[in-house]
Amino acid sequence: MDRADWNEDGEADLAAWLATNPRAQGELLRVQAAWISLDMDAIVPAQQRQSRPISMLRRRTVLAGGAAAMAASLAGVLVYDGKAEQYDTEVGEIRRVALADGSTAAINTDSSIAVRIDKRLRTVRLNTGEAWFQVKSDRARPFVVEAGPVRVRAVGTAFSVRRMEGGAEIVVTEGVVAAWTDESANEPVSAHAGMHLFVPDRPGPMRPVAVEATDAGLLSWRSGQIELTARPLDQAAAEFNRYNRRKIVINDPAIAKEQVDGIFRTDDPEGFATAVHHALGVPLNIGSGEKITLGKNREQM
Numbered sequence: 676m677d678r679a680d681w682n683e684d685g686e687a688d689l690a691a692w693l694a695t696n697p698r699a700q701g702e703l704l705r706v707q708a709a710w711i712s713l714d715m716d717a718i719v720p721a722q723q724r725q726s727r728p729i730s731m732l733r734r735r736t737v738l739a740g741g742a743a744a745m746a747a748s749l750a751g752v753l754v755y756d757g758k759a760e761q762y763d764t765e766v767g768e769i770r771r772v773a774l775a776d777g778s779t780a781a782i783n784t785d786s787s788i789a790v791r792i793d794k795r796l797r798t799v800r801l802n803t804g805e806a807w808f809q810v811k812s813d814r815a816r817p818f819v820v821e822a823g824p825v826r827v828r829a830v831g832t833a834f835s836v837r838r839m840e841g842g843a844e845i846v847v848t849e850g851v852v853a854a855w856t857d858e859s860a861n862e863p864v865s866a867h868a869g870m871h872l873f874v875p876d877r878p879g880p881m882r883p884v885a886v887e888a889t890d891a892g893l894l895s896w897r898s899g900q901i902e903l904t905a906r907p908l909d910q911a912a913a914e915f916n917r918y919n920r921r922k923i924v925i926n927d928p929a930i931a932k933e934q935v936d937g938i939f940r941t942d943d944p945e946g947f948a949t950a951v952h953h954a955l956g957v958p959l960n961i962g963s964g965e966k967i968t969l970g971k972n973r974e975q976m
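Quick note: the sequence shown uses the numbering used here, first residue 676, plus one each step.
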């Protein structure tokens with residue numbers, strides 16, 4: 676734990692307490708969640724730092740991690756500087772960064788994360804947007820993502836967290852994660868590889884479900900693609916609008932729920948709109964402005 680005099684006897688006592696008290700794990704998670712929240716508030720600056728180019732981020736982080744590992748092999752103790760690193764992406768930008776502990780983060784469009792790694796914990800605050808994490812296994816230092824009041828805890832696994840209105844969406848690609856909120860720390864929910872889970876900000880049902888065929892493209896953004904399977908047109912348009920400043924506007928509510936399929940580049944809303952135009956036979960106006968319109972406008976109705 677966090678005390679300087681924490682030792683193996685303390686670990687044994689903690690393990691015994693967790694084994695005999697069915698509510699113990701929840702209480703421990705509550706304390707950890709409170710510690711993370713307070714600690715992150717102290718280290719994340721109010722004014723966000725400007726992100727550096729990805730090539731510099733990757734190179735500097737890898738070099739720093741290598742230097743720390745070398746120092747640890749000599750001194751026997753791994754030491755991190757304890758500061759939070761801020762990584763931001765612009766609309767349409769997808770960034771991959773190597774973290775100091777050997778984990779990897781892929782950061783989706785228009786997103787912001789703050790990362791702190793020290794000798795006790797590995798913590799990430801997802802301020803906005805979405806990120807996927809390939810977590811290096813380290814049982815002594817849990818990896819916790821904070822998205823509003825939602826917490827996701829892993830040791831060595833791979834998962835994504837997307838901050839959404841009213842909660843957070845979690846997709847697990849490897850291993851197992853535990854999820855809870857500030858108000859439900861006594862009842863964490865586990866999700867395994869191949870499952871996704873929506874955790875509401877306020878107390879509510881949290882039921883991990885298997886990723887269906889219609890959800891198979893949830894993480895296709897990591898390769899710069901939008902994969903659609905039986906997706907309603909309005910939802911598909913909203914997905915493209917996340918990645919582009921030119922927005923797709925559906926003029927005709929009658930076509931909004933038409934289901935569409937296909938794989939497209941995230942930066943190609945014109946190609947998607949053209950495909951919809953041909954598949955559904957709806958009017959299309961690409962033009963050269965900030966909007967791409969699908970369907971009849973009011974004057975045509």
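Positions of the beta carbon are idealized from the N, C-alpha and C atoms, including for glycine.
Measuring C-alpha to C-alpha distances from K922 to each of I792, A866, S963 and L955 identifies S963 as the nearest.
In this structure, DSSP gives S895 a helical state, which the three-state scheme calls helix. For the pair V790 and R920, the Cα-to-Cα distance works out to about 28 Å.
Within the segment 765-835, the runs of beta strand (DSSP E) at least 3 residues long that lie entirely inside it are, in chain order, 770-773, 779-782, 787-792, 797-803, 805-809, 818-822 and 825-829. By DSSP's assignment, M839 forms a beta bridge with G842.
In the structure shown, the three-state DSSP call for P944 is helix.
At a Cβ-Cβ threshold of 8 Å, T856 and R826 count as neighbours.
Cβ-Cβ distances below 8 Å link E965 to R920, R921 and K922 in the same chain, with the five nearest sequence neighbours on each side left out; the list follows chain order. Approximately 5 Å separates the beta-carbon atoms of V819 and T798; this is inside 8 Å, confirming the contact.
For D763, the enclosing beta strand (DSSP E) starts and ends at A759 to D763.
Taking 8 Å as the cut-off, the Cβ atoms of V886 and V846 count as close.
Judged by beta-carbon spacing, T764 lies beyond the 8 Å limit of S778, meaning their Cβ atoms are not closer than that value.
Annotated three-state conformation of A853 is strand, per DSSP. Closest in alpha carbon position to A780, among A913, S812, V766 and A833, is A833. Cβ contact annotation for R940 (same chain, cutoff 8 Å, sequence separation greater than five): G899, Q900, I901 and G946, in chain order.
Beyond the five residues adjoining it in sequence on each side, V851 comes within less than 8 Å, by CB distance, of A829, T832, S865, A866, H867 and A868 in the same chain, given in chain order. Rounded to the nearest whole angstrom, the C-alpha separation of V836 and N802 is 11 Å. Looking only at D936, G937, I938 and I930, the smallest Cα-Cα distance to T968 is reached by I930. Taking the CA atoms as reference points, A905 sits about 11 Å from A891. Straight-line measurement puts the Cα of N960 at about 16 Å from the Cα of P928. Spanning the alpha carbons of E933 and P907 requires a straight line of approximately 5 Å. Taking C-beta atoms as the reference points, H871 and L903 fail to come closer than 8 Å.
Annotation for E902: the continuous beta strand (DSSP E) segment containing it runs Q900 to P907. Between F873 and E844, the C-beta spacing is below 8 Å. Listed as beta-bridge partners of M870 by DSSP are V847 and A885.
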